[in-house]
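Heads up, the sequence shown is in my numbering, so the first residue is 215 and it goes up one at a time.
From the three backbone atoms N, C-alpha and C, an ideal C-beta is built for every residue, glycine too.
Shown next, in structure tokens, is the structure this report addresses.
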Amino acid sequence: MENKIKNREEIVKDIKKDYFLLLPSGEEIALDLKDKQDVLNKLEKYGYSELIDYVKAEELPGEEKKEAPSIKEMKRMELADNESSSDSGNHRLYPNGQLMFNLIKDWQERIAKYDLGAMEIGSPLFYNKADPQILAQCGSFHERHYSVKVPDDPNKEFILRFAADFGLFKMVQQSKFSYKQLPLRFFEYSENFRYEKSGELSGLKRDRFFHMADIHCFCKDESQAIIEYKEIFKKYENLNKGMNIKYANVLRIVDEFYIKYKADILELVCYANRPLFIERMDKMKHYWALKHEWQSIDSVGGNQQLSTVQFDVKEGKVYNIAYADEKGIKQNCVIIHSSVGAIERCMYAILEEALKKERPVLPLWLSPVQLRIVPVNNNLHLDYCKQLEFENIRFDIDDREEKLGKKLIRARQEWIPYVMVVGDNEIQNGIFKINDRENNQVLELNKNELEKFIREQIKSYPYRPIALPKLLSKRPSFYGAI
């Protein structure tokens, strides 16, 4: 009789776990998740607000799940929406949403290719289910697969990939390299498919089709792998801090690896300078032996994983990914998997972070429009506004035949970070009054000062031009709510 493949729930059921906090001091604080109040008391004493919110949302039972407001806001602001002609959990992106998507993608690629020096590759979207290595890697994930049948062979089945591993591992398996080339780093911007359950789908937070920047490092042994692991952890820690998103650090680890690498883990806790929530297991449930997660917290207390880095001690053997050691003997690689984060989830987390504020505003480098120019009177001031140019700043002009008050309301509804009103005085003096949304104040700057002020905030973040026509009168309405 053929052995039944266990699903994830069946595998997890056999694993014994314990939970604790690891503080930067090295102290371990045991957590009994069955005693909710004791856990919350300890978190209040040793943790911080994001860690408390994460544990409430993910680890403690009985917390009510609320719908995140970004699900409605992404539609109202004409960023994204469900695609009714596709499967559930598949989204369309409107021009401004695609712009945000591309900017985050640019940033992730910069980290992968330039900061980490990974070699970029490309690979197919679907793979033969009959391939024993593909099947072994899928393992307990089989219930989340999308399957594809070919027209001329109903017995042949393909699996749509749920991560970038399949094609890369096949590529590296067929490559020749020695210990002298290791570690090898590869990067792929991958389109992924996971058949998440209907009740799990939630806006951009959890999709069935999503995009991810995946980085894999192939190492000669665990000693080299832990060095890679720590370097990538530090890059991702800096990345998540740079997005101005509140998040908790979480580690899931097999007991023997915690004992072996406790000093290295403590080094990372000290680097992040915040307590680490640890789930320790008596045996492995996946291909990885330890995995760090960056868990962001949304505006209604829910959580979502962004970046992750994983220490894989299995798949080098599954795929027979091997190198020649000093004696010319083939040895299997240890692999460090990591994802900078699904772009859709990053968009979700950024929207949710904005919605925590009294006056929601996106990070300036991600705002589809960074500066809006509003003429007081179109007949008198519009021509002057049309002549203004701001280099490497996304700006537009509200040339609609509307009263000034209505134009300013529209700018507030669109979360425009800076709004410049142009009338007689501004044209004569060259000094503009700029409404600063985030700080709720009015700035008085000339054109050069304004350009410098905005560009200093954007710093070295990626830049792309505006996604819609510069004149608001030329724009279509995609959703019709604004």
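- Distances from the CA of residue 409 to each of 385, 439 and 377 were compared; the closest alpha carbon is that of 377.
- The beta carbons of residue 485 and residue 448 sit closer together than 7 Å.
- In the three-state scheme derived from DSSP, where H, G and I count as helix and E and B as strand, residue 629 is classed as coil.
- In this structure, residue 400 keeps its C-beta atom at 7 Å or more from the C-beta atom of residue 326.
- Between residue 513 and residue 520, the C-beta spacing is not below 7 Å.
- Counting the other CB atoms within 10 Å of its CB gives residue 632 a total of 16 or more, which places it among the buried residues.
- Judged by DSSP in its simplified three-state form, residue 544 adopts strand.
- With fewer than 16 other Cβ atoms inside 10 Å of its own Cβ, residue 405 counts as exposed.
- In the DSSP assignment, residue 681 falls outside any beta strand (DSSP E), carrying neither H nor E.
- Beta-bridge annotation (DSSP): residue 315 is not paired with any residue.
- Scanning its chain for C-beta atoms nearer than 7 Å, with the 5 sequence neighbours on each side dropped, one finds around residue 454 the residues 461, 508, 520 and 521, in chain order.
- The three-state reading of DSSP puts residue 401 in strand, counting E and B together.
- A direct Cα-Cα distance of roughly 46 Å separates residue 300 from residue 244.
- Spatial neighbours of residue 618 in its own chain (CB-CB distance under 6 Å, excluding positions within 5 residues in sequence) are listed in chain order as 590.
- A straight line joining the alpha-carbon of residue 293 with that of residue 550 spans about 34 Å.
- Fewer than three beta-carbon pairs drawn from the region 268 to 283 and the region 527 to 535 are found closer than 8 Å, and the two stretches are therefore not classed as touching.
- The alpha-carbon separation between residue 575 and residue 349 amounts to approximately 45 Å.
- Beta-bridge annotation (DSSP): residue 647 is paired with 635 and 658.
- The way I'd put it, the region 464 to 471 does touch the region 497 to 506; three or more beta-carbon pairs between them come closer than 8 Å.
- The residues 314, 317 and 564, in chain order, have a CB closer than 7 Å to that of residue 580 in the same chain once the five nearest residues on each side in sequence are set aside.
- Looking from the CA of residue 601, the closest CA among 279, 661 and 543 belongs to 661.
- In the structure shown, residue 524 falls within a strand segment according to DSSP collapsed to helix, strand and coil.
- By alpha-carbon distance to residue 334, the top candidate from 523, 608 and 428 is 428.
- Taking the C-beta atoms as reference points, residue 424 is found no nearer than 7 Å to residue 464.
- Per the DSSP secondary-structure output, residue 505 pairs in a beta bridge with 466 and 524.
- Taking a contact as a CB-CB distance under 8 Å, the pair residue 657 and residue 648 counts as one, their CB atoms being some 4 Å apart.
- Taking 8 Å as the upper bound for CB-CB distance, residue 567 and residue 459 are in contact here, some 5 Å apart.
- Taking a contact as a CB-CB distance under 8 Å, the pair residue 585 and residue 668 counts as one, their CB atoms being some 7 Å apart.
- CA-CA distance, residue 247 to residue 544, rounds to 45 Å.
- Assigned with DSSP and collapsed to three states, residue 265 falls in helix.
- DSSP places residue 342 inside the beta strand (DSSP E), whose first and last residues are 340 to 342.
- In the three-state reduction of the DSSP assignment, residue 331 falls in the coil class.
- Boundaries around residue 559 are those of the alpha helix (DSSP H), 557 to 569, since no beta strand (DSSP E) includes it.
- Taking C-beta separations shorter than 7 Å and ignoring five residues to either side along the sequence, the partners of residue 692 in its chain run 292 and 308, following chain order.
- Residue pairing by DSSP places residue 245 opposite 233 in a beta bridge.
- By the neighbour-count criterion, in which 16 or more other beta carbons inside 10 Å mark a residue as buried, residue 346 falls on the exposed side.
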